[in-house]
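Right, one structure below, let's go through it.
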Amino acid sequence: MTLDLFAADAPPLEDEVLDAGAVVLRGFVGARETALKDGLALVTAASPFRHLVTPGGLRMSVAMTNCGELGWVSDRRGYRYDPIDPESGLRWPAMPDAFTTLARDAAAQAGYPGFAPDACLVNRYAPGARLSMHQDRDEKDLRAPIVSVSLGLPAVFQWGGDARGDKARRVPLQHGDVVVWGGPSRLRFHGVLALKDGEHPFAGALRINLTFRKVRA
Ligand code: SIN
Ligand code: FE2
1 MTLDLFAADA PPLEDEVLDA GAVVLRGFVG ARETALKDGL ALVTAASPFR HLVTPGGLRM
61 SVAMTNCGEL GWVSDRRGYR YDPIDPESGL RWPAMPDAFT TLARDAAAQA GYPGFAPDAC
121 LVNRYAPGAR LSMHQDRDEK DLRAPIVSVS LGLPAVFQWG GDARGDKARR VPLQHGDVVV
181 WGGPSRLRFH GVLALKDGEH PFAGALRINL TFRKVRA
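Printed below as a string of structure tokens:
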């Protein structure tokens, strides 16, 4: 039997509540993946992926770029949101419409209507790349959720607690899954375990993650 996830009679994938205010929308991307791929090509042509350096001087294993009014950057001076791509000296590329609508629709499905992101951080994981446990707390508007879209190779997302040392739950994420966290879960620690080797039609041997944020209050 062939599984066609887009077939009208395919059973809907269950949304998975992680905690109050936090949910995994399984397969939410669906047929929108083509528009996302086109958007990604435009964004990365204008602002290519690069490996940022942490304030402590370490090169991050995840390669990053941004689109939207503001982009998240890290260097020896610290972390910040900046309207200018430091590599090009120009504004970050505009957020493609398909990105904005996907983020808005996923947030609404998760119980956050009216989400209007002004920043989209694009993460690229090659095998071995990982993101250590952290909070997303550089945003001024903490009422808005974070919307995180998984594309390409699967990964294991770590869903932690309110303190860095809290035990983290392992949540496998597949191509097309969207995680939304806000409200009482907005400042949860989270991370991504080292990516395993593999091959996926969307991006070959890579995982791409889009995280949408509302930075300006
Ligand atoms: C992030 O925490 O910014 C990215 C999460 C992910 O790659 O799934
Ligand atoms: Fe994060």
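All the letters of the sequence shown, read from the start, carry residue numbers 1 to 217 under our numbering. Heads up, the beta-carbon is just placed ideally off N, CA and C, and yes, glycines get one too.
- Under DSSP, R207 shares a beta bridge with Y125 and G152.
- Cβ atoms of R186 and L142 come within 8 angstroms of each other, at about 5 angstroms.
- Judged by their CB atoms, V24 and Y125 are not nearer to each other than the 8 angstroms cut-off.
- Its Cα nearest to that of T65, the residue H51 stands out among R76, H51 and Q135.
- Taking the C-beta atoms as reference points, V192 is found no nearer than 8 angstroms to A119.
- In the structure shown, the three-state DSSP call for E33 is helix.
- When DSSP reads this structure, F212 sits in a beta bridge with C120 and V147.
- With a cut-off of 7 angstroms, the C-beta of T100 is classified as distant from the ligand SIN, since no heavy atom of the ligand falls inside that distance.
- Here the alpha carbons of Y112 and P145 stand approximately 7 angstroms from one another.
- Of the residues assessed, V147 falls on the buried side of the cut-off, its CB having 16 or more other CB atoms within 10 angstroms.
- Around the C-beta of V17, fewer than 16 other C-beta atoms lie within 10 Å, and the residue is accordingly described as exposed.
- The beta carbons of G183 and A20 sit about 7 angstroms from each other, so the pair counts as a contact at 8 angstroms.
- Only residues of its own chain outside the window of five on either side were considered, and among them A106 and V178 have a CB closer than 6 angstroms to the CB of F28, listed in chain order.
- Leaving aside the five residues that flank T44 on each side, the residues in its chain whose CB is nearer than 8 angstroms to its CB run, in chain order, T65 and V122.
- When the five nearest sequence neighbours on each side are left out, the beta carbons in the same chain lying within less than 8 angstroms of the beta carbon of P83 are those of E69, L70, G71, R91 and W92, in order along the chain.
- The beta carbon of P55 sits closer than 8 angstroms to those of S74, D75, R76, R77, G78 and Y79, all from its chain and outside the five residues before and after it, given in chain order.
- Around the beta carbon of H190, 16 or more other beta carbons lie within 10 angstroms, which makes this residue buried.
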